[in-house]
Amino acid sequence: MVRSNTRPQRTSAACDFCRRRKLGCDNAKPKCENCQARDLECTYTERPVHARPSNARINMLEKENARLREQLRLVDSELHQGHGASKRVRLDETTISKHAAGQEESQNETLDYSPTTTGQPEGSAFHGPSSGTAIRSSDTVSGDIYTPSGTSGTNPPQKWDNDPTQSIKNQLLAETVRQRQLESVNQRAGKLNFRGIESKVGMDLLSNFWNRQLYTGPIVYRTAFMRDMANNGPYFSELLLYAMLFAGSQFTAEAAAAQTLAEVNATGRRYRAKFEQILHSSGSKGLFKSEVTTIQALLVMSDALFSWCNERSLSWHYMGLAINMIIDLGLHTDHSLRGSSKLLSGEAREIERRLFWAAFVMDKVQSIYQGRPTRLHERDTNVPIAFLDDFEELESFSNHTYSTQSMTLGSPTYGISTFEHLSKLSIVVDDILCQLYSGKGASMGLNESIELARTLDYQLELCHQTTPTRLWPYSYPTGHSSVLPHTLSLLALYRCSRILIWRSYLSGSGPVAQTALSNCVNEALEIHPILVIYKQHYCFKTAPHYISYAAYVSASIFIRIAAQKKSSDSQAHSGLRLCMEVLSIQQAYSHGTRRMMKILLGLMDRLGVHVGEFVALQPSGCNTNGPDESNMAEPVTVVADAASHIQNTFGAQEQVTLSEYGIPIDFSDMPDLGWPNLDFDKLMNSFVFNPFLPAQQETPGLGFHNELFGLNYGTF
């Protein structure tokens, strides 16, 4: 049988009635049987012929779909519209769409209102994907958006600018500038309620606090706090206010003029008492509900209690509570991954990012200081290091909490870039602490441990190389770079971190120990010009804690070298002397520095090193009372100002000179510390602390009990 090659004719399309009713149509003329039976007009509508879905067309549509999804994800991650009841910048879609370019910007740039609370709604705490209570975002958000009134509507098709992030940055910057102008206006109008404190005193204390946030990290977003303080909005709370006032009271004229321990302790005490009353009073819900303002208050108080008051346990507890609340609110993850139907404005996203990374940095720094494990880890987080409000980047820097001669220097503050690179450095520090100073690190073999140390050292160097040269105070002539206390603190933390990597191998022997010692001494030498530069421009009385810790770390290295030098004029003695002068000056104004002095003087006594008459004041806390306080209620005695006899670097009997641009001279041409004349074995043994590091241990002593890793040692 011959098969015909002609294709069978396709049945004609059904009439309109049969098509709507899904009936079989016989296509009879003039009427089909169904239309004839119902006495209906039988009509046929011409329909367009659709192309069949070829593989090429399917692939093209899949790529287009993927591209649109990626654009939507980027927009969702950077741009959300706020809703609620108190004032904030609204990122209205009309201001970032292309067709709005020809309209009046004043009509588009409207202000929206913040939510009534900065915490999660009841029953909406963060739960990760492994939790049985986790809700997928697809189950809660189905293409709807929230309008400013809080109602739900259909998401209309929108045309986004090529760079919607820039629009957010512009609006945040504009709002920050506006709120800075309104601060003095609101103060004169009596809108800033300091709860019984004189307005001028309160503003001065807040000014001190804002000035010190440059090196700790922007825990509190000034724009939202000052606006909501005037409007009683959600980003203001009494608890946070008193924490900030207490932190700012460290740098008042009253604190600088204190002559006895009792006077030092009395500074800011009433603000701390109010803070504790609100936090712990009967009926207070501060510790029972996670709020952004509560997290901020706990972090501010934690930093002040440790760096100023030496109350390490309470500081550690407050920070732990803050970190738990951060995780409870899900601030350690990007908002788009929380599975929440609550949409955030650009300002809310900025506040959360700043708060998280400030807490991340503080967690690492306190872990170093206290010799304890970190609690926030980069592997568990998904928050970008990207801050959109860059007002603090080019804002003129004021030195009023760093120098006895308060002035605006006219130099850019570089606050945002400093904080970004401090956050990146903290990630590497977290790897150092978790991998070298953990139980796992202590159980590694020597070869594996050394390889890990080299990898971490390489990561640290990469982090250092990516830091903009404008943040290095002696990178190039004045006019291009600036000598700022927070950039010096960043550099000091980097140097200390490198010593932290290699310090643990100094109790060993052989080439590894020699390499470790060389690295540690080189970093101690690099810390020295940082201290010299800081002294030239600022006062050590209120130096950041990073500077104090760098002096402590550097001194612990120089003591070992000086112990083998017969002359008290050696380079090591000179370097040690400057470190001790730094700490001696600051210990009169900071309880935390006194413990460093006690440790170093104990080590100097054990190794027989003498560089001058230095006395460690008794470590105590700001709440010291009773016999201890009365015993210490005597004039604070410190070494004479080192400016009269400071020795250039290590032994040169001359004042520190400056280059033609006003930047300190290069110290790289200095002679070394005299390696051929050192007893290497004796030097290595000085790093062994017998009660904690058994002699038979094969791997150098790693762990959180390391004498340089924290200040938990009363004796050596």
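The sequence shown finishes on residue 716 if you use UniProt numbering, and the numbering steps up by one all the way, no holes.
Glycine included, C-beta positions come from ideal geometry on N, C-alpha and C.
Everything numeric in this text was worked out from a predicted model, so none of it was measured.
Cβ neighbour criterion (16 or more within 10 Å) applied to residue i
{"i": "residue 83", "result": "Note that residue 83 has pLDDT 38, beneath the 50 cutoff, so the model's placement of it is unreliable and the number below is only indicative. It counts as buried."}
{"i": "residue 234", "result": "buried"}
{"i": "residue 610", "result": "exposed"}
{"i": "residue 391", "result": "buried"}
{"i": "residue 349", "result": "buried"}
{"i": "residue 288", "result": "exposed"}
{"i": "residue 608", "result": "exposed"}
{"i": "residue 39", "result": "exposed"}
{"i": "residue 554", "result": "buried"}
{"i": "residue 67", "result": "exposed"}
{"i": "residue 455", "result": "exposed"}
{"i": "residue 20", "result": "exposed"}
{"i": "residue 473", "result": "buried"}
Nonlocal neighbours in the same chain, by C-beta distance under 8 Å from residue i, ignoring five residues either side
{"i": "residue 284", "result": "278"}
{"i": "residue 452", "result": "435, 436, 441, 444"}
{"i": "residue 745", "result": "There is simply no residue 745 to check, as the chain begins at 1 and stops at 716 in what is shown."}
{"i": "residue 275", "result": "239, 242, 243, 246, 297, 301"}
Test item: CB-CB of residue i and residue j under 8 Å
{"i": "residue 217", "j": "residue 362", "result": "yes"}
{"i": "residue 500", "j": "residue 517", "result": "no"}
{"i": "residue 543", "j": "residue 579", "result": "no"}
{"i": "residue 586", "j": "residue 556", "result": "no"}
{"i": "residue 346", "j": "residue 171", "result": "yes"}
{"i": "residue 303", "j": "residue 374", "result": "no"}
{"i": "residue 174", "j": "residue 351", "result": "no"}
{"i": "residue 539", "j": "residue 403", "result": "yes"}
{"i": "residue 488", "j": "residue 168", "result": "no"}
{"i": "residue 512", "j": "residue 450", "result": "yes"}
{"i": "residue 588", "j": "residue 572", "result": "no"}
{"i": "residue 323", "j": "residue 376", "result": "yes"}
{"i": "residue 272", "j": "residue 238", "result": "no"}
{"i": "residue 417", "j": "residue 378", "result": "no"}
{"i": "residue 219", "j": "residue 299", "result": "yes"}
{"i": "residue 14", "j": "residue 25", "result": "yes"}
{"i": "residue 181", "j": "residue 199", "result": "no"}
Sequence-distant residues of the same chain with beta carbon closer than 7 Å to residue i, five excluded per side
{"i": "residue 191", "result": "230"}
{"i": "residue 16", "result": "43, 44, 45"}
{"i": "residue 215", "result": "485, 486, 489, 544, 546"}
{"i": "residue 314", "result": "305"}
{"i": "residue 176", "result": "223, 389, 391"}
{"i": "residue 725", "result": "Nothing about residue 725 can be read from this structure; the chain reaches only from 1 to 716."}
Extent of the continuous beta strand (DSSP E) run through residue i
{"i": "residue 412", "result": "408-412"}
{"i": "residue 398", "result": "396-398"}
Start and end residues, alpha helix (DSSP H) containing residue i
{"i": "residue 360", "result": "346-370"}
{"i": "residue 53", "result": "Per DSSP, residue 53 belongs to no alpha helix (DSSP H) and is neither H nor E."}
{"i": "residue 464", "result": "446-465"}
{"i": "residue 218", "result": "No alpha helix (DSSP H) contains residue 218, which DSSP labels as neither H nor E."}
{"i": "residue 330", "result": "Neither: residue 330 is in no alpha helix (DSSP H) and is coded neither H nor E."}
{"i": "residue 417", "result": "415-436"}
{"i": "residue 581", "result": "571-587"}
{"i": "residue 307", "result": "292-307"}
{"i": "residue 38", "result": "33-38"}
{"i": "residue 528", "result": "510-537"}
{"i": "residue 17", "result": "16-21"}
{"i": "residue 275", "result": "269-280"}
Cβ-based neighbour list, residue i, same chain, cut-off 6 Å, excluding 5 preceding and 5 following
{"i": "residue 34", "result": "18, 23"}
{"i": "residue 325", "result": "290, 295"}
{"i": "residue 495", "result": "523, 526, 527"}
{"i": "residue 395", "result": "413"}
{"i": "residue 604", "result": "559"}
{"i": "residue 208", "result": "248, 251, 401"}
{"i": "residue 240", "result": "293, 296, 297"}
{"i": "residue 268", "result": "246, 249"}
{"i": "residue 183", "result": "226"}
{"i": "residue 327", "result": "none"}
{"i": "residue 201", "result": "none"}
The ligand GTP heavy atom lying under 7 Å from the CB of residue i
{"i": "residue 332", "result": "Looking at this structure, you won't find the ligand GTP or any other ligand, since it has none at all."}
Item to complete: Count the C-beta pairs between the stretch 464-471 and the stretch 529-544 that are closer than 8 Å, then say yes if the count reaches three, no if not.
Response: no
Worksheet item: Contact between the stretch 414-425 and the stretch 355-371: three or more CB pairs below 8 Å?
Response: yes
Discussion item. For the stretch 402-418 against the stretch 364-373, do three or more pairs of beta-carbon atoms, one drawn from each stretch, fall closer than 8 Å, so that the two count as touching?
Written reply: no
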